[in-house]
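Reviewing the structure listed below.
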Amino acid sequence: MIEFILMEQNLPFAVSIALMLLIAFLEGAMTAIGAGLSELIDSFMPGSGPDLDVDIDLDQPEFSVHGALTKTMGWLHIGKTPFLIILVVFLTTFGLMGFGFQSVILKIAGRPLPALPASIIVFILALPVFRTFAGIVAKIMPKDETQAVEEKSFIGRVAVITLGKASPGKPAQAKLKDQFGTWHYVMIEPDIENEEFQQGEKTLIVRRKNSGFKAIRNKISALD
Numbered sequence: 125m126i127e128f129i130l131m132e133q134n135l136p137f138a139v140s141i142a143l144m145l146l147i148a149f150l151e152g153a154m155t156a157i158g159a160g161l162s163e164l165i166d167s168f169m170p171g172s173g174p175d176l177d178v179d180i181d182l183d184q185p186e187f188s189v190h191g192a193l194t195k196t197m198g199w200l201h202i203g204k205t206p207f208l209i210i211l212v213v214f215l216t217t218f219g220l221m222g223f224g225f226q227s228v229i230l231k232i233a234g235r236p237l238p239a240l241p242a243s244i245i246v247f248i249l250a251l252p253v254f255r256t257f258a259g260i261v262a263k264i265m266p267k268d269e270t271q272a273v274e275e276k277s278f279i280g281r282v283a284v285i286t287l288g289k290a291s292p293g294k295p296a297q298a299k300l301k302d303q304f305g306t307w308h309y310v311m312i313e314p315d316i317e318n319e320e321f322q323q324g325e326k327t328l329i330v331r332r333k334n335s336g337f338k339a340i341r342n343k344i345s346a347l348d
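Position in the sequence shown (first residue = 1) + 124 = our numbering.
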């Protein structure tokens, strides 16, 4: 069994399981000293967060790359739970399915597939399984007051553009912090005609629009 796990062809899957165990250990150690690794990572994530709002204005005149990325992340439930938990779910799914796949190939062909083609095949096969488990985790995770925030409370808050460029009719992804200190990711576009927001620019949300928000450039330093 150990020999099978440590075979060169199984290296990607062994590394995945090892990383999963390392993350679990670090999370436990940091939690013990009062610093959660998951919260630390989420605070730096540009495209995911505890409450990622992946809704997209489907009436946009043009298809955008960052819009497709956001939709893909939403389909995989990325952002509905802390990123570290999503990563652990993926590493576990990929690693275990990889070992299972190589075990079947070994019995059929007498030897496992090389690491690269096996990884590609398992990655594709693992995506729907990962999505299923990620969805289950998102549903069973405890919901507390920090997660039960109405989106109308986002109006008047500062949001930073994290992905893409926002212009009228073409929203970009931005992140903001609610009254509980939880990060949320939303789609915003300028409220003023001919205005554009670049990545990293701070904006002030002024109203709701369909599945996203309208914002103006933040000129009030006290709100930063």
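Cβ coordinates follow ideal geometry from the N, Cα and C atoms, glycine included.
Sheet register partners of residue i (DSSP bridge)
i, result
"V284", "K299, K326"
"A290", "F321"
Host beta strand (DSSP E) of residue i (start-end)
i, result
"P314", "307 to 314"
"F223", "Not the beta strand (DSSP E): F223 falls in the alpha helix (DSSP H), residues 207 to 233."
"F337", "336 to 341"
Residue i versus residue j: straight-line alpha-carbon distance, rounded
i, j, result
"E132", "A142", "15 Å"
"R235", "I126", "16 Å"
"K231", "V253", "23 Å"
"I209", "R331", "32 Å"
"F278", "L215", "34 Å"
"P136", "I147", "16 Å"
"T217", "A250", "6 Å"
"L220", "P292", "46 Å"
"A272", "G222", "Here the model assigns A272 a pLDDT of 45, short of 50, so the residue's position is not dependable and the matter cannot be decided."
"V213", "F257", "7 Å"
"G206", "S140", "Note that residue 206 is Pro in the sequence shown, not Gly. Each residue's alpha carbon lies about 19 Å from the other."
"F128", "G259", "31 Å"
"E319", "N334", "19 Å"
"G152", "L145", "11 Å"
"N134", "I244", "12 Å"
"D183", "G305", "Confidence in D183 is poor, its pLDDT being 45 and thus under 50, which makes the residue's placement too unreliable to answer from."
"A242", "A262", "29 Å"
"L233", "Q303", "It should be noted that the sequence gives Ala, not Leu, for residue 233. Using only the alpha carbons, I get a separation of about 58 Å."
"A339", "I264", "34 Å"
"H308", "L150", "25 Å"
"L300", "A239", "41 Å"
"A138", "G224", "12 Å"
"E275", "L130", "49 Å"
"L211", "Q226", "22 Å"
"I344", "A296", "21 Å"
"A290", "R255", "29 Å"
"M311", "T327", "12 Å"
Integer-rounded CB distance, given that residue j should sit under 8 Å from residue i
i, j, result
"E313", "K294", "6 Å"
"I329", "F337", "5 Å"
"A298", "I316", "About 16 Å separates the two Cβ atoms, so there is no contact after all."
"N342", "V246", "Incorrect: roughly 45 Å between the Cβ atoms, too far for contact."
"L237", "I229", "5 Å"
"G288", "Q323", "7 Å"
Residue interval of the alpha helix (DSSP H) (run including residue i)
i, result
"S277", "Note, S277: premise wrong, no alpha helix (DSSP H); not H, not E."
"F128", "126 to 129"
"F254", "239 to 264"
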